[in-house]
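Going by full-length UniProt numbering, the letters in the sequence shown line up with residues 1 to 134, in that order. Even glycine gets a Cβ: it sits at the ideal position worked out from N, Cα and C. Working notes, structure below.
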Amino acid sequence: MEVTMKKEQPITIAVVDDNALIRESVKFRLKSLGYNVVMEAENGQEFLDKLHESNTPDICVLDINMPVMNGLETTVHLKKDWPAMKIIFFSMEDSSIYINKGIQLGADGFVAKDAPFMDLNNMLLTVIKQVQVA
């Protein structure tokens with residue numbers, strides 16, 4: 001993968017959440033803002049399995065509480081095997097314990113699910129700047 005991204009190449013995003021309605025809603029909103037949602041999964045294990053079979057997205061919007069493999073455990077695997085991928089936790093769990101644990105594990109940001117959608121967009125824009133500078 002190239003170190004710098006071309007401007008005309010949209011940022012690729014994965015949405016990982018066990019709630020199908022939330023996944024579809026986030027995907028729809030992101031696409032309406034011009035993002036390229038290239039992958040979705042309902043838990044961390046499914047996401048890791050898909051990553052082995054396809055191109056790695058630039059950013060993962062990741063739920064924390066999911067069955068099979070939660071977001072914290074998933075982050076450990078992502079940082080080990082796909083260290084360039086940026087991770088934004090997107091969760092109802094907005095307690096500082098989860099936020100701090102996520103940051104310790106290498107997450108790049110946190111957005112509460114009940115926050116205005118523009119908060120997610122603003123976090124993505126912040127993370128994208130990090131990707132393009134890298």
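Closest Cα partner of residue i within the set the options
{"i": "residue 46", "options": "73, 124, 108 and 107", "result": "73"}
{"i": "residue 23", "options": "37, 78 and 10", "result": "37"}
{"i": "residue 59", "options": "85, 65 and 50", "result": "85"}
{"i": "residue 68", "options": "99, 10 and 43", "result": "43"}
{"i": "residue 21", "options": "79, 81, 41 and 33", "result": "41"}
{"i": "residue 126", "options": "83, 87 and 32", "result": "87"}
{"i": "residue 130", "options": "82, 26 and 108", "result": "108"}
{"i": "residue 66", "options": "93, 51, 81 and 82", "result": "93"}
Cut-off 7 Å between Cβ atoms - residues of its own chain near residue i, not counting five sequence neighbours on either side
{"i": "residue 63", "result": "16, 17, 18, 71, 90 and 91"}
{"i": "residue 122", "result": "none"}
{"i": "residue 102", "result": "72, 75, 89 and 110"}
{"i": "residue 29", "result": "117"}
{"i": "residue 79", "result": "105 and 106"}
For residue i: DSSP bridge partner residues
{"i": "residue 62", "result": "16 and 89"}
{"i": "residue 40", "result": "15"}
Chain-order list of residues whose beta-carbon lies under 6 Å from that of residue i (same chain, five-residue window excluded)
{"i": "residue 77", "result": "48"}
{"i": "residue 124", "result": "none"}
{"i": "residue 99", "result": "110"}
{"i": "residue 26", "result": "15"}
For residue i, the first and last residue of its enclosing beta strand (DSSP E)
{"i": "residue 111", "result": "109-112"}
CB contact below 8 Å: residue i versus chain B
{"i": "residue 84", "result": "The structure shown contains no chain B; it is built from a single protein chain."}
Own chain residues within Cβ distance below 8 Å of residue i, not counting five before or after
{"i": "residue 31", "result": "37"}
Residue i: first and last residue of the uninterrupted alpha helix (DSSP H) it sits in
{"i": "residue 98", "result": "96-105"}
{"i": "residue 74", "result": "71-81"}
**Request:** May I ask you to verify whether the stretch 94-114 touches the stretch 41-58, counting CB pairs closer than 8 Å and requiring at least 3?
**Result:** no
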